[in-house]
Amino acid sequence: MISMNRWTIWKLVLPDPIESIFEKAIENQIKTIHLSPPQLTAYQALPFFEDHRDPFDRLIIATALKDSLSIISNDPKFPLYPAAQIIW
14 MISMNRWTIW KLVLPDPIES IFEKAIENQI KTIHLSPPQL TAYQALPFFE DHRDPFDRLI
74 IATALKDSLS IISNDPKFPL YPAAQIIW
């Protein structure tokens with residue numbers, strides 16, 4: 014879980030050790046994605062919206078666009094990027 018408020022920076026709280034999370038992903042046939050220079054270039058090319066500054070969201074969107082992937086999310090900011098295929 015990632016939590017943030019006005020007084021703190023991002024905090025990542027994981028329910029299990031990271032090794033266990035990756036093992037569960039492999040068991041469930043979930044493929045991990047490694048960042049590449051083309052994905053980071055796509056990140057830089059994304060339009061910047063003053064009301065959407067979350068770098069992790071933008072990295073998800075850039076990766077999905079570069080790799081032709083769909084995003085499963087109900088984040089209200091994702092539709093700001095109409096080229097991204099959002100499912101939900």
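According to my numbering, the sequence shown is numbered sequentially starting from 14.
Every residue gets a Cβ at the ideal spot worked out from N, C-alpha and C, and that includes glycine.
Since we're looking at a predicted model, the values are computed, not measured.
| Check | Outcome |
| --- | --- |
| Distance check for residue 86 and residue 98, CA to CA, integer angstroms please. | 10 Å |
| Which complete alpha helix (DSSP H) runs does the region 43-95 hold, if anything under 4 residues is left out? | 50-58, 68-79 |
| Return the CA-CA distance between residue 57 and residue 37, expressed in angstroms with no decimal places. | 32 Å |
| Using the Cα positions of residue 14 and residue 90, report the straight-line distance between them to the nearest angstrom. | At residue 14, the pLDDT of 48 sits below 50, so the modelled position is not reliable; the number obtained from the coordinates is stated separately. Looking at the two C-alpha atoms, the distance is approximately 19 Å. |
| Run through DSSP, which three-state label would residue 99 get? | strand |
| Do residue 72 and residue 48 have their CB atoms nearer than 9 Å? | yes |
| With 16 other CB atoms within 10 Å as the buried threshold, where does residue 75 fall? | buried |
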